[in-house]
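Taking numbering that gives the first Met the number 0, the leading residue of the sequence shown gets 0, the next gets one more, and so forth.
Working notes, beginning with the structure itself.
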Amino acid sequence: MKDFSVLVAGISVTCVEALDAIDASPRAMAYHPIAVQEMDRAGVLDDCRRIGSSNRGICWRHTRTKEIIAEIDRAPSKEFPYENLTIGQHLLAGIILDHLKRYDNAKVLFSTRLTAVDQSSNDSVNLTIEDSTGTQSRLSASYCVAADGGRSTIRRLLDISFDGFTYEEQLVSTNVYFDFAAHGWKDGNFMVDPDNWALIGRINNEGLWRVSYGEKPGLSHEELKERMPMKYAAMFPGEGKVTGVDAWKLQQMSPYRLNQRCASTFKKGRIMLAGDAAHLCNPFGGLGLTGGIMDAAAVADSLIGIHQGKTSDAILEKYAEVRRKIFVDTVNPTSQTNKTRLHDPEPDTIGERDPFLSMLRTATKEEKQVVRSNAILAVDMSEYFDGVQSSNGLPRSDVKVDDQQSIGIQGNAPQTTTVH
Numbered sequence: 000m001k002d003f004s005v006l007v008a009g010i011s012v013t014c015v016e017a018l019d020a021i022d023a024s025p026r027a028m029a030y031h032p033i034a035v036q037e038m039d040r041a042g043v044l045d046d047c048r049r050i051g052s053s054n055r056g057i058c059w060r061h062t063r064t065k066e067i068i069a070e071i072d073r074a075p076s077k078e079f080p081y082e083n084l085t086i087g088q089h090l091l092a093g094i095i096l097d098h099l100k101r102y103d104n105a106k107v108l109f110s111t112r113l114t115a116v117d118q119s120s121n122d123s124v125n126l127t128i129e130d131s132t133g134t135q136s137r138l139s140a141s142y143c144v145a146a147d148g149g150r151s152t153i154r155r156l157l158d159i160s161f162d163g164f165t166y167e168e169q170l171v172s173t174n175v176y177f178d179f180a181a182h183g184w185k186d187g188n189f190m191v192d193p194d195n196w197a198l199i200g201r202i203n204n205e206g207l208w209r210v211s212y213g214e215k216p217g218l219s220h221e222e223l224k225e226r227m228p229m230k231y232a233a234m235f236p237g238e239g240k241v242t243g244v245d246a247w248k249l250q251q252m253s254p255y256r257l258n259q260r261c262a263s264t265f266k267k268g269r270i271m272l273a274g275d276a277a278h279l280c281n282p283f284g285g286l287g288l289t290g291g292i293m294d295a296a297a298v299a300d301s302l303i304g305i306h307q308g309k310t311s312d313a314i315l316e317k318y319a320e321v322r323r324k325i326f327v328d329t330v331n332p333t334s335q336t337n338k339t340r341l342h343d344p345e346p347d348t349i350g351e352r353d354p355f356l357s358m359l360r361t362a363t364k365e366e367k368q369v370v371r372s373n374a375i376l377a378v379d380m381s382e383y384f385d386g387v388q389s390s391n392g393l394p395r396s397d398v399k400v401d402d403q404q405s406i407g408i409q410g411n412a413p414q415t416t417t418v419h
């Protein structure tokens, strides 16, 4: 598929990244088919497929017995020819960075942080940035997209509330080498147990797997690490054989807090919020990462529509309205239910009691494909363009942002600024 992006549309992009390099800690890695379609539109899917792996099966398992409660095939279908793809978020970021380097109208500023925002002008956003030496400078753009994470500096500077709550439990995210495939396990395994609940998923074809599990609140990093062999022994297959250090090899470990939060608005002035800066949800289900990619698609299509004269900048108000509604009405309640399902107090009967798992146990192949695609997370912004109709019936128009974080765009002499 052709590389559709704001860059191809002739808009210059500057990405402002506070870190020295791409963050390689264990983070999100699962992409629903609707997000994989966006990778295709951005021209990066071939590289993603080369490095990542196709998730062809997912199930919910009883942690104690290891028996499958319900399952779903996640392979491409004729109706929706995109797979569920697994690739570490840092690897996707690296691919996107490589593609950005091919464009003269793209620039990434690492080790640079935002310190101030000025929206006093009627036709631009002025950002004050500071590099690693402490030198300050200013960037100007017609629009800015803030995708600078859950602790968004821009959201704080704009005084936008981030409403919701933080779960009491901790999440421990680990990358570990263990041969789950030898035990016949699926590429994705949701472990159901009131104490030992988790998600175990394949990262690559070299034996590396992601094991993310819930832990007690208040434990230190060292205490979490001390308890990890016990948690592995409870969750892994093999009749307790994983208790020895030779059975598995830990690559990385990171504890996280679990949040369910949403910004009170996704737009203020000429600045739009996207991704974690706009909303946070627990990772069980891959809805946060996929939702962020769909934000990027919608805001990029909107900005290019403005640049190409297909719509006025009122489309950005619609972006903020529609994307926030999708999170509030769909992503937020679904992700909360996904987490609660895993630590159900009676895993022996959850397959019959839980409406979603019960549906999977009786659903037809076609019904499961509807679940698999998760097209409900997408929106075709061209439907809101003045006099413009969607040409393909799929959820989007013709263009896609090629950047993982945030974007600002400079009207008729296009320039873009991205803040991480």
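We put the beta carbon where it would ideally sit given N, CA and C, even for glycine.
Please read these numbers as outputs of a predicted model, since none were measured by experiment.
- It is roughly 15 Å from the alpha-carbon of F164 to the alpha-carbon of V330.
- Apart from sequence neighbours up to five positions away, the residues of its chain that approach L6 with a beta-carbon distance below 8 Å are V12, L99, Y102, N104, A105, D401, ordered along the chain.
- If only complete runs of 3 or more residues are kept, the segment 145-207 shows the beta strand (DSSP E) at 161-176, 187-191, 197-201, in order along the chain.
- Per DSSP, the beta-bridge partners of D117 are N125.
- Rounded to whole angstroms, the gap between the alpha carbons of E66 and R60 is 5 Å.
- Beta-bridge analysis with DSSP links Y212 to V171, A197.
- Considering only T127, L170, L288, the residue with the shortest C-alpha distance to M38 is L288.
- Closest option to E16, judged by alpha-carbon separation, among A146, F189, R352: A146.
- By the criterion of a C-beta distance shorter than 7 Å, I68 is surrounded in its chain by W59, R60, H61, V191, I349, G350, L356, once the five residues flanking it on both sides are discounted.
- Between T333 and L286, the beta carbon gap of about 6 Å places them in contact (Cβ cut-off 8 Å).
- In the same chain as D22, and ignoring 5 residues on each side of it, the C-beta atoms closer than 7 Å to its own belong to H89, in chain order.
- Contact between the segment 267-285 and the segment 216-228 is absent, with fewer than three C-beta pairs closer than 8 Å.
- By the criterion of at least three beta-carbon pairs nearer than 8 Å, the segment 146-161 is not in contact with the segment 205-218.
- Taking the Cα positions, A115 is about 6 Å away from L126.
- Scanning R73, L108, F235, L96 for the CA closest to the CA of E366 turns up R73.
- Cα atoms of A299 and A8: separation of roughly 10 Å, rounded to the nearest angstrom.
- By the neighbour-count criterion, in which a residue is buried when 16 or more other Cβ atoms sit within 10 angstroms of its Cβ, E82 is buried.
- Put simply, the backbone Cα of R112 is about 46 Å away from that of A181.
- Cα atoms of S301 and L249: separation of roughly 43 Å, rounded to the nearest angstrom.
- When DSSP states are grouped into helix, strand and coil, M28 belongs to the coil group.
- Of the candidates I325, D385, A362, I325 places its Cα closest to the Cα of V378.
- A straight line joining the alpha-carbon of A233 with that of R63 spans about 7 Å.
- Note: W59 is bridge-paired with A69, F189 in the DSSP secondary-structure output.
- Between the alpha carbons of F177 and V327 lies a gap of roughly 37 Å.
- Within the model, the alpha-carbon separation for I199 versus R340 is close to 15 Å.
- Here I86 carries a coil assignment [DSSP, helix/strand/coil].
- Of the other Cβ atoms in all chains shown, fewer than 16 fall within 10 Å of the Cβ of S263; this residue is therefore exposed.
- Taking 4 residues as the minimum length, the alpha helix (DSSP H) runs contained wholly in the segment 313-373 are 314-325, 331-341, 349-352, 354-361, 364-372, in order along the chain.
- For S151 and S219, the gap between their C-alpha atoms comes out near 25 Å.
- For R201, the closest of S139, P354, I50, G290 by C-alpha to C-alpha distance is I50.
- Going by beta carbons, H342 and P193 fall inside the 8 Å limit.
- Restricting attention to W208, M28, D97, the CA atom closest to the CA of W184 is found in W208.
- When secondary structure is reduced to three states using DSSP, S76 falls in the coil class, being assigned neither helix nor strand.
- Secondary structure at C47: helix, using DSSP grouped into helix, strand and coil.
- Of the residues assessed, T85 falls on the buried side of the cut-off, its CB having 16 or more other CB atoms within 10 angstroms.
- S253 is bridged by DSSP to S172.
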